[in-house]
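Asks: Just so you know, the sequences run in chain order H and G.
Going by this note's numbering, the first residue of the first sequence is number 1, and it counts up by one from there.
Going by this note's numbering, the first residue of the second sequence is number 236, and it counts up by one from there.
Glycine residues also receive a C-beta, built at the ideal position from the N, C-alpha and C atoms.
Sharing a structure, written as structure tokens. Questions coming.
Number of protein chains: 2
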Amino acid sequence: MPALPKALFFDVFGTLVDFRSSIADEAERILKPLGHSLDWPAFADAWRDEYQPTMEEVRAGRVPFSKLDVLHRYNLEKILPRFKVSGLSEEQLTNLNLSWHRLDAWPDVTPGLNRLKKQFLLAPVSNGNISLQVDLARRNGFPWDAVLGAEVAGDYKPKPRVYLASCEAFDLKPQDCMMVACHSGDLKHAASHGLQTAHIARPNEHGPGKGEASPSVPVDYAASSLENLAEKLGA
Amino acid sequence: MPALPKALFFDVFGTLVDFRSSIADEAERILKPLGHSLDWPAFADAWRDEYQPTMEEVRAGRVPFSKLDVLHRYNLEKILPRFKVSGLSEEQLTNLNLSWHRLDAWPDVTPGLNRLKKQFLLAPVSNGNISLQVDLARRNGFPWDAVLGAEVAGDYKPKPRVYLASCEAFDLKPQDCMMVACHSGDLKHAASHGLQTAHIARPNEHGPGKGEASPSVPVDYAASSLENLAEKLGA
Numbered sequence: 001m002p003a004l005p006k007a008l009f010f011d012v013f014g015t016l017v018d019f020r021s022s023i024a025d026e027a028e029r030i031l032k033p034l035g036h037s038l039d040w041p042a043f044a045d046a047w048r049d050e051y052q053p054t055m056e057e058v059r060a061g062r063v064p065f066s067k068l069d070v071l072h073r074y075n076l077e078k079i080l081p082r083f084k085v086s087g088l089s090e091e092q093l094t095n096l097n098l099s100w101h102r103l104d105a106w107p108d109v110t111p112g113l114n115r116l117k118k119q120f121l122l123a124p125v126s127n128g129n130i131s132l133q134v135d136l137a138r139r140n141g142f143p144w145d146a147v148l149g150a151e152v153a154g155d156y157k158p159k160p161r162v163y164l165a166s167c168e169a170f171d172l173k174p175q176d177c178m179m180v181a182c183h184s185g186d187l188k189h190a191a192s193h194g195l196q197t198a199h200i201a202r203p204n205e206h207g208p209g210k211g212e213a214s215p216s217v218p219v220d221y222a223a224s225s226l227e228n229l230a231e232k233l234g235a
Numbered sequence: 236m237p238a239l240p241k242a243l244f245f246d247v248f249g250t251l252v253d254f255r256s257s258i259a260d261e262a263e264r265i266l267k268p269l270g271h272s273l274d275w276p277a278f279a280d281a282w283r284d285e286y287q288p289t290m291e292e293v294r295a296g297r298v299p300f301s302k303l304d305v306l307h308r309y310n311l312e313k314i315l316p317r318f319k320v321s322g323l324s325e326e327q328l329t330n331l332n333l334s335w336h337r338l339d340a341w342p343d344v345t346p347g348l349n350r351l352k353k354q355f356l357l358a359p360v361s362n363g364n365i366s367l368q369v370d371l372a373r374r375n376g377f378p379w380d381a382v383l384g385a386e387v388a389g390d391y392k393p394k395p396r397v398y399l400a401s402c403e404a405f406d407l408k409p410q411d412c413m414m415v416a417c418h419s420g421d422l423k424h425a426a427s428h429g430l431q432t433a434h435i436a437r438p439n440e441h442g443p444g445k446g447e448a449s450p451s452v453p454v455d456y457a458a459s460s461l462e463n464l465a466e467k468l469g470a
């Protein structure tokens, strides 16, 4: 086991927040009073399914970096017709898009982060933009030292720059930083750039039983929750 | 008077922290046991005096952006011979350079920020780098929502990009952001890009009676302390 890290970097969507339930709830809250009746979890899934392909356009250099709010909006307008929703005002579209700023954390997250904060520097290293992270932190009480990630690095995970720019922002070598995520792919890339890794089980990320209950790649720590990770790290 | 802002941006060196006394104390703590006896406040002044000329090289595009820690180190090695200090080890030089991460806040700052946090988004918009701001925040209990400023913008104040990138990071128009500083020059530039402004009196920034007791440019608010600003903003 390597020496304990000095900073912990967190994936956010899925790892810290239950975006599927939150987006389903927000969409229902906004669209139902307008007379729409959708399969709300399916709407959340459809929106999220456009996430990787749109970011890939940026990662491949085919479109310049735009913050995730912009990509979410593009994807929203792409999926609404599939669910037969049309005629929303600019204000309604903006409000719906900002659902991603109003996601709720899994119950272990805020207590876990507060324990970890006593011993480690903490930052989100997510593809979500700064204002989105700030709103999630205010809503859920995430005690960040700084907001790092895609917007600061100017590219999207898993491009190397996002991990390495985050280490550099804290003046730390990759081996002194640990990526914490519920996605084995994220951890595989972080490890390939020298970061330590911790997997958090989120077996219900994409609905009941649809999520990683354990990592599919080698990791330094595998934990059932952030509180469990704090325990394993002695925090 | 314009509508209240949604975010407050803070200058840090001078406005929030008493860098002169802190650097003098840190230099004495590190160099005195090595047998050096300097005019410690003069050493702090000399180090700070190199600050603007070195940043100007970056602002003018003559050297690529480097984080302020790098410029501080360059300036440190420039002034040490003037004070007849030589032969420091790499570890001692690094430790001395990191004095800028160990600055103490003026007494009104942490209580003032905690009051303001209830009503406004808060971020440092300083020329100090992210890791420096994180260390100052941990040391003094600054409750930032995000760390913005030079390193995120990739240039140094008062270049327009630093102010405007900070507004954009929070998805706000300049008129919904307020720059808070004890330097009229900083506020003049912020106002020229549409930000609201608040001046904080720091009459002893550069030693007794050497600092701005009041602004020399028009500002939206002039306050004697951060607690006084909180009062004026109804926070």
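Would you mind telling me which residues of chain H sit closer than 8 Å to Leu-303/G, beta carbon to beta carbon, in chain order?
Replies: Neighbours of Leu-303/G across chain H, judged by C-beta separation under 8 Å, do not exist; the nearest C-beta is about 12 Å away.
Asks: Between which two residues does the beta strand (DSSP E) containing His-193/H stretch?
Replies: Here His-193/H belongs to no beta strand (DSSP E), and DSSP marks it neither H nor E.
Asks: Measuring only between beta-carbons, confirm whether Phe-405/G sits less than 8 Å from chain H.
Replies: Judged by the 8 Å Cβ criterion, Phe-405/G is in contact with chain H.
Asks: Please name the residue in Ala-385/G, Val-415/G, His-418/G, Leu-269/G whose C-alpha comes closest to that of Leu-331/G.
Replies: Leu-269/G
Asks: Mind reading off the beta-carbon distance from Gly-376/G to Thr-329/G? Whole number of angstroms is fine, and I expect it under 8 Å.
Replies: Incorrect: roughly 25 Å between the Cβ atoms, too far for contact.
Asks: Would you mind giving the Cβ-Cβ distance between Pro-438/G and Ala-425/G, rounded to the nearest angstrom? I have them listed as a contact below 8 Å.
Replies: Wrong, their Cβ atoms sit about 21 Å apart, outside the cutoff.
Asks: Keeping to the same chain, check which residues put their C-beta closer than 7 Å to that of Asp-145/H; ignore five residues upstream and five downstream.
Replies: Leu-121, Leu-122, Ala-123
Asks: Of the residues Ser-21/H, Ser-131/H, Thr-54/H, Leu-164/H, which one's Cα is nearest the Cα of Asp-39/H?
Replies: Ser-21/H
Asks: Could you check if Val-305/G is buried or exposed, using at least 16 other CB atoms within 10 Å of its CB as the buried criterion?
Replies: exposed
Asks: Starting from Ser-126/H, find everything on chain G with Cβ-Cβ shorter than 9 Å and list it in chain order.
Replies: Ordered by position in chain G, no residue passes the 9 Å Cβ test against Ser-126/H, which lies about 13 Å from the chain.
Asks: I want to know whether the stretch 307–317 of chain G touches the stretch 277–284 of chain G - three or more CB-CB distances under 8 Å.
Replies: yes
Asks: Evaluate Pro-409/G with the Cβ neighbour count: other Cβ atoms within 10 Å of its Cβ, from every protein chain shown; 16 or more gives buried, anything less gives exposed.
Replies: buried
Asks: State the DSSP-derived secondary structure class of Pro-124/H, mapped to helix, strand or coil.
Replies: Collapsing the DSSP output to three states places Pro-124/H in a strand.
Asks: Just to make sure I have the definition right: I need the residues of chain G whose C-beta is within less than 8 Å of the C-beta of Pro-134/H. Which are they?
Replies: The question names Pro, but residue 134/H is Val in the sequence shown. Chain G residues near Val-134/H: Leu-356, Asp-380, Ala-381, Phe-405.
Asks: Note down, in chain order, all residues in the stretch 266–297 of chain G with a beta-carbon under 8 Å from any beta-carbon belonging to chain H.
Replies: Within the stretch 266–297 of chain G, no residue qualifies.
Asks: For His-199/H, which residues does DSSP report across the bridge?
Replies: Ala-181/H, Ala-222/H
Asks: Using a cut-off of 7 Å between C-beta atoms, extract the partners of Ser-99/H located in chain G.
Replies: The premise fails here: Ser-99/H is roughly 15 Å from chain G at the closest Cβ pair, so nothing lies under 7 Å.
Asks: Nearest to Glu-90/H by alpha carbon, out of His-101/H, Trp-100/H, Glu-77/H?
Replies: Ranked by how close their Cα comes to the Cα of Glu-90/H, the residues His-101/H, Trp-100/H, Glu-77/H have Glu-77/H in first place.
Asks: Since Ala-105/H sits in a beta bridge, which residues does DSSP pair it with?
Replies: By DSSP's assignment, Ala-105/H forms a beta bridge with Val-17/H.
Asks: Measure the C-alpha to C-alpha separation of Ser-366/G and Gly-87/H and round it to an integer number of angstroms.
Replies: 47 Å
Asks: Taking DSSP as the reference, what is the three-state secondary structure of Gly-389/G?
Replies: Gly-389/G: coil per DSSP, three-state reduction.
Asks: So, under 8 Å CB-CB, Gly-389/G and Phe-300/G are touching, yes? Tell me the CB distance rounded to an integer number of Å.
Replies: Between Gly-389/G and Phe-300/G the beta-carbon gap is near 5 Å, inside 8 Å, which marks them as a contact.
Asks: Please report the straight-line C-alpha distance between Lys-118/H and Lys-159/H, rounded to a whole angstrom.
Replies: Looking at the backbone, the Cα of Lys-118/H and that of Lys-159/H are separated by about 30 Å.
Asks: From the DSSP output, read off the bridge partner residues of Leu-383/G.
Replies: Val-360/G
Asks: With 7 Å as the limit, tell me which residues of the stretch 152–182 of chain H have their beta carbon closer than that to any beta carbon of chain G; keep them in chain order.
Replies: Per Cβ criterion, the list reads Val-152, Ala-169, Phe-170, Asp-171.
Asks: Using a Cβ-Cβ distance cut-off of 8 Å, determine whether Ala-137/H contacts chain G.
Replies: yes
Asks: Look up Ala-242/G in the DSSP assignment and say whether it is helix, strand or coil.
Replies: strand
Asks: Following the continuous alpha helix (DSSP H) through Met-240/H, name the residue where it begins and the one where it ends.
Replies: A question about residue 240/H goes unanswered here, because the residues of chain H that appear run from 1 up to 235.
Asks: Could you check where the alpha helix (DSSP H) with Pro-395/G kicks off and where it finishes?
Replies: 395–404
Asks: Let's test the definition: count the other Cβ atoms within 10 Å of the Cβ of Lys-392/G and tell me whether it reaches 16, buried, or not, exposed.
Replies: Residue burial is scored here from C-beta neighbours: Lys-392/G has at least 16 other C-beta atoms within 10 angstroms and is therefore classed as buried.
Asks: Who are the near neighbours of Val-369/G in its chain, counting only those whose CB is closer than 6 Å to its CB and skipping five residues on each side?
Replies: Excluding residues within five positions, none has a Cβ falling inside 6 Å.
Asks: Grab the span of the alpha helix (DSSP H) containing Asp-304/G for me, first residue to last.
Replies: 303–314
Asks: Between Asn-310/G and Pro-288/G, what straight-line distance do the alpha-carbon atoms span, to the nearest angstrom?
Replies: 10 Å
Asks: Just the chain G side, please: which residues come within less than 8 Å of Ser-131/H by C-beta, in chain order?
Replies: Ala-404, Phe-405, Asp-406
Asks: Measuring CB to CB, does Leu-187/H end up less than 8 Å from Val-219/H?
Replies: yes
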